[in-house]
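A.B. asks: With the first letter of the sequence shown counted as 1, position 242 gets the number 245 in the numbering used here; the numbers rise by one all the way through.
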Amino acid sequence: MGGRRRFLGPTSTWSYTQQVTTLIKNHLKSPDLPKVPLNPEGQEFVLGWPSTGTIGPLSLNTLPSLDFSLYLTNTVKFHLSQLYHLFHEETFIAGLHKFYEQGPYAEPLPGNRLWPAGSELVSRAIELMPDALALNQDPVLATEILCCLALYLQSIDHKNSAFLYVGQAMRMAISQGLHRELVGNNLTNEDTERHYAVWWTVYILDRRFSSLMGAPNSIRDEDITVPLPDSKDSHSAKAMSMQVALAQLHAQVLNTVYGSDTQLGPSYLKNTQEVLETMAGLASDLKETFGMQFDHDRPISRVSATLNLYYHQCVVLSTRPLLLCLLRRLLSEPMSEDNGYLEITEPIEALLRAAQDSATRSLWILTALQSQRLLGTKFSTIDLESTFSSAFVLSLMAALPTCPLEDTTDVDAGFHLLNQMIAKGNVIAEFRREDLEQLINLLHLLGVEISQQNSLATNAIPVSNAADCAQTLPTQLGDVGTFNDIYSDQMLSLAGLLELDPAFEHVDEQWLCS
Numbered sequence: 004m005g006g007r008r009r010f011l012g013p014t015s016t017w018s019y020t021q022q023v024t025t026l027i028k029n030h031l032k033s034p035d036l037p038k039v040p041l042n043p044e045g046q047e048f049v050l051g052w053p054s055t056g057t058i059g060p061l062s063l064n065t066l067p068s069l070d071f072s073l074y075l076t077n078t079v080k081f082h083l084s085q086l087y088h089l090f091h092e093e094t095f096i097a098g099l100h101k102f103y104e105q106g107p108y109a110e111p112l113p114g115n116r117l118w119p120a121g122s123e124l125v126s127r128a129i130e131l132m133p134d135a136l137a138l139n140q141d142p143v144l145a146t147e148i149l150c151c152l153a154l155y156l157q158s159i160d161h162k163n164s165a166f167l168y169v170g171q172a173m174r175m176a177i178s179q180g181l182h183r184e185l186v187g188n189n190l191t192n193e194d195t196e197r198h199y200a201v202w203w204t205v206y207i208l209d210r211r212f213s214s215l216m217g218a219p220n221s222i223r224d225e226d227i228t229v230p231l232p233d234s235k236d237s238h239s240a241k242a243m244s245m246q247v248a249l250a251q252l253h254a255q256v257l258n259t260v261y262g263s264d265t266q267l268g269p270s271y272l273k274n275t276q277e278v279l280e281t282m283a284g285l286a287s288d289l290k291e292t293f294g295m296q297f298d299h300d301r302p303i304s305r306v307s308a309t310l311n312l313y314y315h316q317c318v319v320l321s322t323r324p325l326l327l328c329l330l331r332r333l334l335s336e337p338m339s340e341d342n343g344y345l346e347i348t349e350p351i352e353a354l355l356r357a358a359q360d361s362a363t364r365s366l367w368i369l370t371a372l373q374s375q376r377l378l379g380t381k382f383s384t385i386d387l388e389s390t391f392s393s394a395f396v397l398s399l400m401a402a403l404p405t406c407p408l409e410d411t412t413d414v415d416a417g418f419h420l421l422n423q424m425i426a427k428g429n430v431i432a433e434f435r436r437e438d439l440e441q442l443i444n445l446l447h448l449l450g451v452e453i454s455q456q457n458s459l460a461t462n463a464i465p466v467s468n469a470a471d472c473a474q475t476l477p478t479q480l481g482d483v484g485t486f487n488d489i490y491s492d493q494m495l496s497l498a499g500l501l502e503l504d505p506a507f508e509h510v511d512e513q514w515l516c517s
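#1: Thinking just about the alpha-carbon of each residue, which of LEU334, SER164 and ASP209 is nearest to the one in ILE177?
#2: CA-CA distance, PHE71 and ASN163?
#3: So, with DSSP's three-state summary, where would you put ILE443?
#4: In the DSSP assignment, the alpha helix (DSSP H) including CYS328 goes from what residue to what residue?
#5: Using the beta-carbon count (16 or more within 10 Å), is ALA172 buried or exposed?
#6: If you count every other CB in all the chains shown that lies within 10 Å of the CB of ALA401, and 16 or more means buried, which is it?
#7: So the candidates are ASN29, THR20, ALA128 and GLU193; which of them puts its Cα closest to the Cα of THR94?
#8: Judging by CA-CA distance, which residue of VAL256, ALA240, GLU280 and ILE222 is the nearest neighbour of THR292?
#9: With 16 other CB atoms within 10 Å as the buried threshold, where does ASN429 fall?
#10: Can you list, in chain order, the residues of its chain whose CB lies under 7 Å from that of THR322, leaving out five sequence neighbours each side?
#11: Under 7 Å Cβ to Cβ from PHE395, same chain only, skipping five residues before and after it: list those, please.
#12: Once the 5 residues before and after SER304 are set aside, which same chain residues still bring their CB inside 8 Å of it?
#13: Does TYR19 come out as helix, strand or coil in the three-state DSSP assignment?
#14: Starting from ALA248, follow the alpha helix (DSSP H) in both directions and report where the run begins and ends.
#15: May I ask you to report which of helix, strand or coil DSSP gives ILE347?
#16: Could you check the C-alpha separation between PRO269 and THR275 for me, to the nearest Å?
#17: Considering only the alpha carbon of each residue, which of LEU83, THR348 and ASP160 lies closest to GLU433?
#18: From which residue to which residue does the alpha helix (DSSP H) around THR281 run?
#19: What is the rounded straight-line gap between the Cα of SER84 and the Cα of GLN455?
#20: Does DSSP put ARG301 in a helix, a strand or coil?
#21: Cutting at 8 Å between CB atoms, please list the residues of its own chain near LYS80, excluding the five before and the five after it.
#22: Taking the runs of the alpha helix (DSSP H) that are 4 residues or longer, which of them lie wholly in the stretch 188–216?
#23: For LYS290, does the count of other Cβ atoms within 10 angstroms reach 16, so buried, or fall short, so exposed?
#24: Run the CB neighbour count on GLN375, radius 10 Å, all protein chains shown included, and call it buried at 16 or more, exposed below.
#25: Could you work out which residue in HIS419, LEU420, LEU334 and LEU399 is closest to ILE453 when comparing CA atoms only?
#26: Going by Cα to Cα distance, which pick from VAL23, PRO404 and SER365 is closest to SER389?
#27: Hey, quick one: how far does the alpha helix (DSSP H) through TYR103 stretch, first residue to last?
#28: Helix or strand or just coil, what does DSSP make of THR24?
#29: Taking 8 Å as the cut-off, decide whether the C-beta atoms of LEU312 and THR204 are in contact.
#30: Please report the straight-line C-alpha distance between ARG174 and LEU26, rounded to a whole angstrom.
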């Protein structure tokens with residue numbers, strides 16, 4: 004790519020998008036097809052990374068006012084503080100006031116260069132950041148800063164840089180033993196709670212960014228002895244505990260469902276069954292504390308929406324290899340000998356329905372958030388990731404004759420959400436919309452080719468083309484009801500269904516079809 008080799012593993016949505024679109028394009032063999040847009044990371048925002056030269060004086064004229072800085076701090080707290088621990092509030096606010104009181108040329112001393120600037124001044128913040136030796140002088144604060152920087156970089160689609168910085172935070176935390184339960188009489192409850200919160204924030208970000216990159220996890224769960232946040236203490240502690248559980252679920256998908264290559268492994272169904280059983284165990288806790296109901300008269304919790312989106316994306320992530328496998332079969336063997344499409348087995352159909360349900364519910368939740376002006380256009384990367392991933396999977400399912408999906412209205416909802424994000428200034432959403440349009444246009448051409456080759460009707464056209472996708476707000480939300488009714492019982496039932504076939508433990512691609 005541009006003369007540079009890039010790596011993103013199989014769980015990466017970008018990598019999956021490239022695989023699917025390239026596979027279809029290579030099959031069509033039309034010279035008139037446009038190139039598959041690469042849209043590599045970071046091209047939306049080019050950061051002016053600081054040099055390693057002498058650091059000049061810092062003028063307050065380039066900084067927001069103290070009042071606006073406090074407003075920005077509270078904005079970050081609103082969006083992120085219930086899901087992550089990013090800074091010790093009392094220490095940070097005191098340092099902020101002190102910084103503004105010292106005057107325009109009060110440059111932090113080399114031994115005290117840990118104060119993080121705002122996101123608009125990220126390049127300056129990196130320039131002020133000390134080396135590893137100096138960071139070790141206050142490793143907890145350094146870990147908090149590295150997590151803040153990683154989240155910022157992830158939000159502007161610099162995935163690789165974000166992954167590197169959260170990896171540095173993880174190494175810093177492990178080197179200080181933050182992954183171990185603290186012992187000793189000289190620790191206050193506040194210190195202990197901060198250490199634990201910092202650790203679990205690093206853990207969550209590392210697991211999540213590893214999944215987005217398709218990279219291995221940095222630490223085994225067996226090596227961690229830090230207790231989970233006490234869910235009896237506060238709603239934030241409950242949210243953090245649920246975040247940890249969902250991060251562990253994502254890691255389980257990464258480690259078991261996905262193999263080392265792009266092929267469907269022989270233990271795919273067995274591993275997927277184990278993931279579903281884990282999800283069933285998690286579902287009751289999620290529903291009890293963070294359950295969601297859509298009601299036009301009732302506000303939606305942003306925290307609950309985020310956690311539910313992560314839950315549903317685990318289902319989608321688990322089934323994406325299966326969809327890629329079915330697409331390969333369609334392109335290599337469009338018709339069986341009796342002039343009909345191969346029918347998939349009942350367990351596989353049930354798994355696909357679960358994926359469809361989770362993708363659809365993700366878009367429902369996101370549309371509900373947008374209707375209450377809570378859709379994350381800048382801070383929350385999960386909203387864009389869920390919107391694109393769900394719409395992409397639903398579009399692909401509609402193109403596969405063996406899939407149970409018939410109604411594609413929710414794909415239109417995905418376009419509506421992307422357009423809303425773009426209108427709010429989210430440049431990255433423009434590239435995701437371009438990727439989705441490319442897929443739909445390729446699927447349209449594929450559907451035309453299959454229809455011409457065979458007299459059998461096909462539903463391989465999710466929409467006539469990308470330009471025909473609805474741009475208006477879907478109207479079915481009033482009938483959504485409880486978002487969570489997919490949960491425990493359905494997951495357990497589906498897990499049991501996957502185990503019915505005698506070939507369950509050694510499945511290959513031939514077994515997928517009856």
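Note that beta-carbon positions come from the ideal geometry of N, C-alpha and C, so glycine has one too.
C.D. replies: Reading from the atomic positions:
#1: When only C-alpha atoms are compared, the closest one is ASP209.
#2: Spanning the two alpha carbons is a distance of roughly 31 Å.
#3: If DSSP states are grouped into helix, strand and coil, ILE443 belongs with the helices.
#4: Annotation: the continuous alpha helix (DSSP H) that includes CYS328 extends over 305–335.
#5: Buried, since its Cβ has 16 or more Cβ neighbours within 10 Å.
#6: Buried, by the Cβ-count rule.
#7: If we check each option's Cα against that of THR94, GLU193 comes out closest.
#8: Of VAL256, ALA240, GLU280 and ILE222, the residue nearest in Cα terms is ALA240.
#9: Buried.
#10: Only LEU354, LEU355 and ALA358 meet the Cβ criterion.
#11: These residues qualify, in order along the chain: THR20, LEU439 and LEU442.
#12: Answer for SER304: PHE293 and MET295, listed in chain order.
#13: Helix at TYR19.
#14: First-last of the alpha helix (DSSP H) with ALA248: 238–255.
#15: Reduced to three states, the DSSP call for ILE347 is strand.
#16: When rounded, the distance between both Cα atoms is 11 Å.
#17: Here the closest residue by C-alpha is ASP160.
#18: Start and end: 271–293.
#19: Per the coordinates, the alpha-carbon of SER84 lies some 55 Å from the alpha-carbon of GLN455.
#20: In this structure, ARG301 counts as strand in the three-state DSSP scheme.
#21: Counting only Cβ-Cβ distances below 8 Å, and skipping sequence neighbours, we find GLU92.
#22: If we require 4 residues or more, the alpha helix (DSSP H) runs fully inside the stretch 188–216 come out as 192–216.
#23: Around the CB of LYS290, 16 or more other CB atoms lie within 10 Å, so the residue is classed as buried.
#24: By the neighbour-count rule (16 or more Cβ atoms within 10 Å), GLN375 is not buried but exposed.
#25: For ILE453, the nearest C-alpha among the options comes from LEU334.
#26: Sorting VAL23, PRO404 and SER365 by C-alpha distance to the C-alpha of SER389 places SER365 at the top.
#27: TYR103 -> alpha helix (DSSP H) spans 92–104.
#28: Residue state, collapsed to three classes: helix.
#29: No, these two residues do not count as a Cβ contact at 8 Å.
#30: So the two alpha carbons sit approximately 38 Å from each other.
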